[in-house]
Structures are given as structure tokens and as C-alpha cells.
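Protein chains: 2
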Amino acid sequence: MKANHTYSEDDIGFNVPALPGMRADDIQTPCLIIDLDQFEFNLQKMVKELKSYNVTLRPHAKMHKSVDVALKQLALEGTKGICCQKVSEAEVFSRAGISDILITNQVCDELKISRLSGIAASGCRVTVCIDNLSNISALAEGASKKNTQIHCLVELDCGAGRCGVAGPEELLELAKAIDATDSLIFDGLQAYQGGIQHEKSYEQRDEVMQGVIEQVKACLVSLETAGISCRVVSGGGTGTFLIEAASGVYTELQCGSYAFMDADYGRVKNKVGQRLDRAEWKNALFLLTSIMSTARDGRAVCDAGLKVQSVDSGLPIIFGYDDVTYINCSDEHGVIQDLKNKLEINEKLRLIPGHCDPTCNLHDWYVCVRGGKVEHIWPVSARGKAW
Amino acid sequence: MKANHTYSEDDIGFNVPALPGMRADDIQTPCLIIDLDQFEFNLQKMVKELKSYNVTLRPHAKMHKSVDVALKQLALEGTKGICCQKVSEAEVFSRAGISDILITNQVCDELKISRLSGIAASGCRVTVCIDNLSNISALAEGASKKNTQIHCLVELDCGAGRCGVAGPEELLELAKAIDATDSLIFDGLQAYQGGIQHEKSYEQRDEVMQGVIEQVKACLVSLETAGISCRVVSGGGTGTFLIEAASGVYTELQCGSYAFMDADYGRVKNKVGQRLDRAEWKNALFLLTSIMSTARDGRAVCDAGLKVQSVDSGLPIIFGYDDVTYINCSDEHGVIQDLKNKLEINEKLRLIPGHCDPTCNLHDWYVCVRGGKVEHIWPVSARGKAW
Numbered sequence: 000m001k002a003n004h005t006y007s008e009d010d011i012g013f014n015v016p017a018l019p020g021m022r023a024d025d026i027q028t029p030c031l032i033i034d035l036d037q038f039e040f041n042l043q044k045m046v047k048e049l050k051s052y053n054v055t056l057r058p059h060a061k062m063h064k065s066v067d068v069a070l071k072q073l074a075l076e077g078t079k080g081i082c083c084q085k086v087s088e089a090e091v092f093s094r095a096g097i098s099d100i101l102i103t104n105q106v107c108d109e110l111k112i113s114r115l116s117g118i119a120a121s122g123c124r125v126t127v128c129i130d131n132l133s134n135i136s137a138l139a140e141g142a143s144k145k146n147t148q149i150h151c152l153v154e155l156d157c158g159a160g161r162c163g164v165a166g167p168e169e170l171l172e173l174a175k176a177i178d179a180t181d182s183l184i185f186d187g188l189q190a191y192q193g194g195i196q197h198e199k200s201y202e203q204r205d206e207v208m209q210g211v212i213e214q215v216k217a218c219l220v221s222l223e224t225a226g227i228s229c230r231v232v233s234g235g236g237t238g239t240f241l242i243e244a245a246s247g248v249y250t251e252l253q254c255g256s257y258a259f260m261d262a263d264y265g266r267v268k269n270k271v272g273q274r275l276d277r278a279e280w281k282n283a284l285f286l287l288t289s290i291m292s293t294a295r296d297g298r299a300v301c302d303a304g305l306k307v308q309s310v311d312s313g314l315p316i317i318f319g320y321d322d323v324t325y326i327n328c329s330d331e332h333g334v335i336q337d338l339k340n341k342l343e344i345n346e347k348l349r350l351i352p353g354h355c356d357p358t359c360n361l362h363d364w365y366v367c368v369r370g371g372k373v374e375h376i377w378p379v380s381a382r383g384k385a386w
Numbered sequence: 000m001k002a003n004h005t006y007s008e009d010d011i012g013f014n015v016p017a018l019p020g021m022r023a024d025d026i027q028t029p030c031l032i033i034d035l036d037q038f039e040f041n042l043q044k045m046v047k048e049l050k051s052y053n054v055t056l057r058p059h060a061k062m063h064k065s066v067d068v069a070l071k072q073l074a075l076e077g078t079k080g081i082c083c084q085k086v087s088e089a090e091v092f093s094r095a096g097i098s099d100i101l102i103t104n105q106v107c108d109e110l111k112i113s114r115l116s117g118i119a120a121s122g123c124r125v126t127v128c129i130d131n132l133s134n135i136s137a138l139a140e141g142a143s144k145k146n147t148q149i150h151c152l153v154e155l156d157c158g159a160g161r162c163g164v165a166g167p168e169e170l171l172e173l174a175k176a177i178d179a180t181d182s183l184i185f186d187g188l189q190a191y192q193g194g195i196q197h198e199k200s201y202e203q204r205d206e207v208m209q210g211v212i213e214q215v216k217a218c219l220v221s222l223e224t225a226g227i228s229c230r231v232v233s234g235g236g237t238g239t240f241l242i243e244a245a246s247g248v249y250t251e252l253q254c255g256s257y258a259f260m261d262a263d264y265g266r267v268k269n270k271v272g273q274r275l276d277r278a279e280w281k282n283a284l285f286l287l288t289s290i291m292s293t294a295r296d297g298r299a300v301c302d303a304g305l306k307v308q309s310v311d312s313g314l315p316i317i318f319g320y321d322d323v324t325y326i327n328c329s330d331e332h333g334v335i336q337d338l339k340n341k342l343e344i345n346e347k348l349r350l351i352p353g354h355c356d357p358t359c360n361l362h363d364w365y366v367c368v369r370g371g372k373v374e375h376i377w378p379v380s381a382r383g384k385a386w
């Protein structure tokens, strides 16, 4: 049993798995760690990739829910504003001084609208998505009461089968209704194809996105014909962003996962059939876990179960090993197949989470490591902000 | 669009989905609600069920992670102490004054052992599970350094295939090693069959548990033969607890889910083939959600996705409806099949979560309702306490 801590237990608070300056070996598990070198590589790579296209990057903060991560993203060229998914999430980021937020979602409840208007009234540029006529009057009234204006994108259902209008006819109706209010400003379209981001084959993603781009073009023509100006077409994710960037119609991209990567994106292939998380991006986010039982032959049990990761997109991958496999996840435990019985009690492993967004939302802290040391502890600032 | 709030947005804080005294209709979604009448029914029923057996109830707090819920459970006769799964969780409950805690898990890391010993040194009776010889010296040293004692159960792997020793031989070795220390006290066995709790058929659960009971009896004989006293056999869950209670060998039960129920337990049948959540228990926990888009014919989209529920055990069930079905869950949305297009924007639905434990761990608050009013707001005190 390895145990050679360089601190006393009083150093690590009740609520914190590590402290800056600590050795990475001493981090309390289970917790999320960010490998800062890999994270910075991903951030830099994205803005380099987008440099030759006429699009801005508006990273999606629903993925990381961290003010610190958002500020690192916003510091890079070509990046303007962030995306959020919920009003309470947007409140966290606007209170931290971020002054341009797109809610990539519908906000319908009266109190939520009032709070959203409050963010706009505080000086933050707020944009929200709309797919329902009755929502327009509610939003207009809310903004008007706070003496402010809210920017609006009409959401287009481009095949994800969730929210959004079907096509130009409904789009025009909503755009006109938005333009007819004093407190709402029609900016354009949201056309995000969420369902296709994790499609493994590049050809399949490209084919679907070409259809979406045609759908967007038809919308732009119908808006132009009606004399309605469309300044924004927003969408795109880590799986498809270069297709949107090259389309000539998208003006901003909402990528999120590129900053961290996850096991599911590791199964997605690039144009030449290579894994996105090796050939294009780096795994920057890990769930650090410790072995806590080796009682059974050929098996080890670790301390990372369902309460520290979401398995909706599959089980985690153990980073850096090819002979041990995470095979079963229960509330508090992970069972690892370890046929050579090589894993020892208290040994630490880095897991690549199956799906980064809902996994990050389970944690209070990112422990940021570089060169075997803890460099920062970043709060998951908007964790649990679901309403 | 229904909207007739009885409060201003200033009443509901940035962090709270509701306030005591509010109408249940005005609760901000998505959030967890506890139906207090149903919750109290479940708590009362459990102690009534156990009255005729010679067992105590030690409810598992890993399910609800709430000091308020634990105190309600401990106030009832036949209940003694609680179970926790992690040291940080136990710290929350011991700081709240709960003075008898069993960690139903291995604690191996040096710092975790030191903190565990700290809880014991503060006057709380602490018990922990052991399945590894090297862990005994580490625990003994930790307790000794804090000048305290820790009670120990040897964990038996009774088929769940996770932690635990295989049988009497290893058990005896560990029991003797525990007894040989000054700071550890061998109390007995943990024999929890987690894998069988959600088996749908009562006969199948009974058959497996009879095998486990035989396994426990063999362990008790071998301890007795060796002259080692075994005061505790701990185990049992909501799916099997009456079998353990009637066994004559279990002394305490670790049930958790009975207090809240979930959709997965709704698929588990009692002795006469009835659903556990209707014939035996009541659904007391709900994920309250609002409809936020009805743009597609035959579909509605609600605001409860993967970030407010765990779908590891299946999708949630919509309570009180038989003609609308939750059919798809993404990060922030749920897609509901609504062939009659009956659901309206802002309409609220109660979802029965697929799996209560990891769902509760996603939330900061329980909004407790009775008679259409919010009666309490209980913090999910140990949410995120995973280390």
C-alpha cells in the first residue's frame, strides 16, 4: 500500500479533494482532474482550426459549467461570448462578468423569463431560442418590465427531433412576431444538429450536415425574400464543426466537448478514419479513481461508480492501460477486469468518462494538474444549475 | 400558458427552486420533490414490517444523502444508526449529530482512514467494512493515532461480485487479525447481496437469498468454532429485507430505497406478483419537470434530462398518466410521446426517476410538498460527497 502524503488531513478541507501545490499522487479520489497541457492544446487547436473561416466561436459552457474554463476560452482570438442552457447557469456566468450569453434553449416560465430579463438588464447581451408563438409575448413582456431587450434566435429542428420549428413557414411567422415587439430583437437562427455529433462515421455526419445546410439556406432565402435581416446562424458541435465552418452560412459555432473530450468522442472518427481523441484532440478530462478491493481473483474494485460519472454513453475507458478494463458500474463502485491481478489497493487510475457533460455536472471541483503537481482547483461553478 | 405566481423572483434565491409556503404549482423546475404523506407512509410501514422480527433498522443514507431524512428515520422505533458509503458522507451526518454510522464499504487510503478515525474520536460510533488484510494494519494505526477505536465488519461477497471475501477461511483470517489489534473491534459480518435487490421475481430473489443465508450460517459456525464472537450480521435492501429479517441470522438491515421508491423498484414484484411501488410502498420522490416545447406533432419536450436524473436503470415514468410516455433523454431535455398533443407549454409533470440513489445525488434540494403547498426545503446534505 503506497501512502506517503506530503500534507496533513487538515490541509484538505471537508469539501475539497486536493489543494494547489500538492503532489498529483496525493489527490483524494474519486474526483475530476484536468490535465492542463492537454486542455490548453485543445483550446489552442480549436481557434487555429477556425482561423481560416469566417465564423466566431461561442463555446458551450453547459459542458464544463466552469467560469475558469470559460474565461480561458474567451481569452483566445475568434471567440465571442458563451452558450448556456439554463437561466440559472447563465446567472452564474453573467455574475462572473461574462457579458455575452446565448441560451441555446427555450425559456417559457414566467419567473425564468423575469430572471433572464434581469441578466439582460444588468448589462449582459442575452440571446434566447424560440420555437413557440406564445413564448414571444411572454418574453417581450418580461424584457419590457425590466426595461431591457433580449435577442432572439428561432430554433430550427434540423433532425435532432427535440425543440425547434420545422421550416421556413413557421420561422417567418416567429421572426415577424419577434420583430413586431419593442423588447425583442430577431437575430437569426439556431440550427444545431445534436443527434449527429456522436455519429461514428465522418461520411455519415457530413451527409446529414449537408442536408441541414440546405435546410438553413432555404430559411435564409425565405427571410431575405420577406425582407427580414438574419445576422446570426448558430450551431455546430465538436463532431461536425468544420462542416458548419465551411458551409458559408453558419456565423458562430457552439462547440463544447473539444476542450475535454470523452470516451464517446474517442469512438468518433475523423475524415481519414482516426479517433477524434487521439488524432485531433487530447483527453484532458479524467475521473481519478483508487483501487479499494482486490479480494476476487482477476478483478479489482475502484471507488468510481454512478455517483461520479454518467454512463448514458457507455462505460469509462481506463487511460494508459490495455490489459485492464472497467466492466461494471454500480452506485459507488467500478468493477475492473484485471486478469493478471496487477492492480493494488490504493493504486490510482485515470478514467476517461463515457460522456463529459453530465459527468462534470456531478462534481464540485476540477483538480487541475501539470507535471505531477496540482496547479489549480477550479470550482464547477454552475454545477446543479438546472432551472 | 399558465402563469399566476404568488411571489416575486426575489423570493426564490439563485440557489433554491422553491420556498416553504409557496404553492406547489409555482415550484421552479426541474427539481426533486418529496410527497410528504407518501414518504411518511413508507417510513412507518418499514418499522411496522420489522416489528415482529429480532432485527434493527440501519437505513442507508447513501440513497437520500439528507440529514433531515435520516433524522426522520432515526426517530422511529427499532431504528439504530445509519449506513453511509463514503467517509465524506459520514462526516456530514456525524457533524449533524448522528452518533452511530456504519460505512458499508472499504476505506483504504491513509488520509481517508485518518478522517474516519477523526469521526470516531469525535464520539460517533464508527463501523467500517474490511476485505483485505493489509487494510487492517492501516486502519488500526489510523485509529490508534487518534486514540480511538473503530468497529469492523468483514465483508462477505455473497454473489454481488464486488468487494468481500469468498468464505469462512478468509473471514477467520481477517477476524483474528482485527481482534489482534488494540484499536479495532471485530463486530461481525456484512453480507449484502446488492445484485439481487432489483431482480423482478420474488421467487428468484428468495432463492438467491436462501443461498446467501446458508453462506452466512457457515461463516457463523466457523467463527463460533474458533471462539470468536459475532454480534452483527448486517445486510438487506428494499427488494429482499423480509427474507433477511426472517432468516434468524441477520441482526440489522440496511434498506434505503423504501423511503422514496423509484421506477426500477416499480418493476420489482412482491410475493403475489404485485408491483412493489403500488402494493407495498408509495412513490414519494418525483422529478418535477415542465413542458418547454410542443413544436412537433405528437411530441412534447420537457426540461428534465441527464443532468437531473440517472438513466442507468431505465427512463423515468410519468406519474398519473397512461397516454404520455417519456421516450428519450438527452443532456438537458426529455422527449415525451404525446400522441394526442395534450401537453401544454409550462405544464408540469411528476416523473418517477428510474433510479433514486444517483438521481438524488444530482440535486441540492428536496422540495417537500403536502396538500398542494411547499412545507419544507431540505438540503441534499451530502450531495457530491464521494470521497
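Chains as they are written, first to last, in numbering that gives the first Met the number 0: chain S, 0 to 386; chain A, 0 to 386. Here a beta-carbon is modelled for each residue, glycine too, at the ideal position from N, C-alpha and C.
Can you have a look at residue i and say buried or exposed, based on whether 16 or more other CB atoms are within 10 angstroms of its CB?
{"i": "T224 of chain S", "result": "exposed"}
{"i": "N340 of chain S", "result": "exposed"}
{"i": "D181 of chain A", "result": "exposed"}
{"i": "G277 of chain S", "result": "Note that residue 277 of chain S corresponds to Arg in the displayed sequence, not to Gly. R277 of chain S should be labelled exposed."}
{"i": "A245 of chain A", "result": "exposed"}
{"i": "I118 of chain A", "result": "buried"}
{"i": "D25 of chain A", "result": "buried"}
Go ahead and pull the three-state DSSP assignment for residue i.
{"i": "C266 of chain S", "result": "The sequence given here has Arg at residue 266 of chain S, not Cys. Note: R266 of chain S maps to coil in three-state DSSP."}
{"i": "N327 of chain A", "result": "strand"}
{"i": "R124 of chain S", "result": "strand"}
{"i": "L155 of chain A", "result": "strand"}
{"i": "M291 of chain S", "result": "strand"}
{"i": "F285 of chain A", "result": "strand"}
{"i": "I26 of chain S", "result": "coil"}
{"i": "F41 of chain A", "result": "Per the sequence presented here, residue 41 of chain A reads as Asn, with Phe not at that position. Helix at N41 of chain A."}
{"i": "C254 of chain A", "result": "coil"}
{"i": "L56 of chain A", "result": "strand"}
{"i": "T358 of chain A", "result": "helix"}
{"i": "A2 of chain A", "result": "With a pLDDT of 42 at A2 of chain A, under the threshold of 50, the predicted position of this residue should be treated as unreliable, though the coordinate-derived value follows. Correct three-state label for A2 of chain A: coil."}
{"i": "S221 of chain A", "result": "helix"}
{"i": "G234 of chain A", "result": "strand"}
{"i": "I344 of chain A", "result": "coil"}
{"i": "I33 of chain S", "result": "strand"}
{"i": "R161 of chain S", "result": "coil"}
Given that residue i touches chain A, what residues does it touch there, using C-beta distances under 9 angstroms?
{"i": "Q189 of chain S", "result": "Within 9 angstroms Cβ-Cβ: nothing; Q189 of chain S doesn't reach chain A, min ~13 angstroms."}
For residue i, which residues in chain A fall below 8 angstroms Cβ to Cβ?
{"i": "I344 of chain S", "result": "C107, N131, S133 and N134"}
{"i": "N360 of chain S", "result": "K306 and L361"}
{"i": "D156 of chain S", "result": "A294 and R295"}
How would you list, in chain order, the residues of chain S whose beta-carbon sits under 8 angstroms from the beta-carbon of residue i?
{"i": "C30 of chain A", "result": "A385 and W386"}
{"i": "S289 of chain A", "result": "C107 and D108"}
Kindly indicate the opening and closing residues of the beta strand (DSSP E) around residue i.
{"i": "G370 of chain S", "result": "From DSSP, G370 of chain S is part of no beta strand (DSSP E); its letter is neither H nor E."}
{"i": "R349 of chain A", "result": "K347 to I351"}
{"i": "F185 of chain A", "result": "L183 to Q189"}
{"i": "I335 of chain S", "result": "G333 to Q336"}
Taking residue i as part of the alpha helix (DSSP H), name the residues at either end of that continuous run.
{"i": "I118 of chain S", "result": "E109 to A120"}
{"i": "G141 of chain S", "result": "L132 to K144"}
{"i": "I177 of chain A", "result": "P167 to D178"}
{"i": "I242 of chain A", "result": "F240 to A245"}
Under the criterion of a Cβ to heavy atom distance below 7 angstroms, does residue i qualify as lining the ligand MG?
{"i": "M45 of chain A", "result": "With respect to the ligand MG, the structure offers nothing, as it holds no ligand at all."}
By the criterion of Cβ-Cβ separation under 7 angstroms, what are the contact partners of residue i in chain A?
{"i": "N104 of chain S", "result": "E331"}
{"i": "K372 of chain S", "result": "In chain order: nothing, as chain A lies at least about 17 angstroms away."}
List, in chain order, every chain S residue whose beta-carbon is nearer than 7 angstroms to that of residue i.
{"i": "A225 of chain A", "result": "Within 7 angstroms Cβ-Cβ: nothing; A225 of chain A doesn't reach chain S, min ~20 angstroms."}
{"i": "D24 of chain A", "result": "Those within 7 angstroms of D24 of chain A in chain S number zero; the least Cβ separation is about 11 angstroms."}
{"i": "P16 of chain A", "result": "W386"}
{"i": "Q214 of chain A", "result": "The contacting residues do not exist; Q214 of chain A stays about 15 angstroms from chain S at best."}
{"i": "P357 of chain A", "result": "L305, K306 and D330"}
List, in order along the chain, the chain B residues whose C-beta lies closer than 8 angstroms to that of residue i?
{"i": "I11 of chain S", "result": "In the structure shown, chain B does not exist; the protein chains are S and A."}
Along chain S, which residues have their Cβ under 9 angstroms away from the Cβ of residue i?
{"i": "D263 of chain A", "result": "Those within 9 angstroms of D263 of chain A in chain S number zero; the least Cβ separation is about 12 angstroms."}
Beta strand (DSSP E) runs wholly inside the region 67-98 of chain A, at least 3 long, in chain order
The region 67-98 of chain A contains these whole beta strand (DSSP E) runs: 81-83.
Handout entry: Completely contained beta strand (DSSP E) runs for the region 296-323 of chain S, where each covers 3 or more residues
Key = Taken in chain order, the complete beta strand (DSSP E) segments of 3 residues or longer contained in the region 296-323 of chain S are 298-301.
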